[in-house]
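Presented below is the structure to which this report refers.
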Amino acid sequence: MTRLLWCLLALFAVSGWASAQAIDPLPFKSRVEEVRFQHLTKQLRCMVCQNESLADSNAELARDLRHAVFALMQVGKSDAQIKHYLTERYSDFVLYDPPFRRGTLLLWLGPILLLLLTAAALIATDRGRIPSRTQARQEEPW
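This is how it looks when you write it as structure tokens:
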């Protein structure tokens, strides 16, 4: 029984090492290149998960896109060229920080418009419910 417990404990200890490994190790030429890759993939959205970056996602498409980004880096493409390559194929949705232009106008101004409409609706409904001070004084019986 003790031997079984020790084996299970060793199994759990070793399984932690596997999860601590990188998602998809790539052969970087230098530490600077690796940092650039990490920075770039943190700015790009996984198209499957949508709430995770390419760097954090375990989805197969994210893995393929990481390899594409790595290959483009090896060819000598700049970050802007890599982002342009991905937005050509996946639209601005792949970017966490899409550019401000006519196509993304609602995306940028939508929250502000929604806030203003909500405030206007609250003010309009409260005006009908709250009596003014003069009305309250006139209704008092004494």
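Residue numbers (mature numbering (1 follows the signal peptide of the UniProt record, and there is no 0)): -22 to -1, 1 to 120. In this text, a Cβ means the ideal position worked out from N, Cα and C, and glycines have one as well. All values derive from a computational prediction rather than experimental measurement.
### Task
Just confirm the distance between the C-beta atoms of L43 and L32, as a whole number of angstroms; I'd bet it's less than 8 Å.
Indeed they touch by this definition, with Cβ atoms about 5 Å apart.
### Buried or exposed by the 16-neighbour rule on C-beta atoms within 10 Å, applied to residue 129
Nothing can be reported for residue 129, as the shown portion of the chain is limited to -22 through 120.
### Touch test, the segment 92 to 105 against the segment 51 to 62, Cβ-Cβ under 8 Å, three pairs minimum
With a cut-off of 8 Å, the segment 51 to 62 and the segment 92 to 105 do not count as touching, because too few Cβ pairs lie within range.
### Presumed contact (8 Å Cβ cut-off) between L85 and P77, rounded CB distance
Between L85 and P77 a beta carbon distance of about 10 Å is seen, past the 8 Å cut, so the two are scored as non-contacting.
### A(-3) burial status per 10 Å Cβ neighbour count (16 or more: buried)
Here the model assigns A(-3) a pLDDT of 44, short of 50, so the residue's position is not dependable and the matter cannot be decided.
### Query
Hey, how far is the Cα of C24 from the Cα of E38?
Rounded to the nearest angstrom, the two C-alpha atoms are 10 Å apart.
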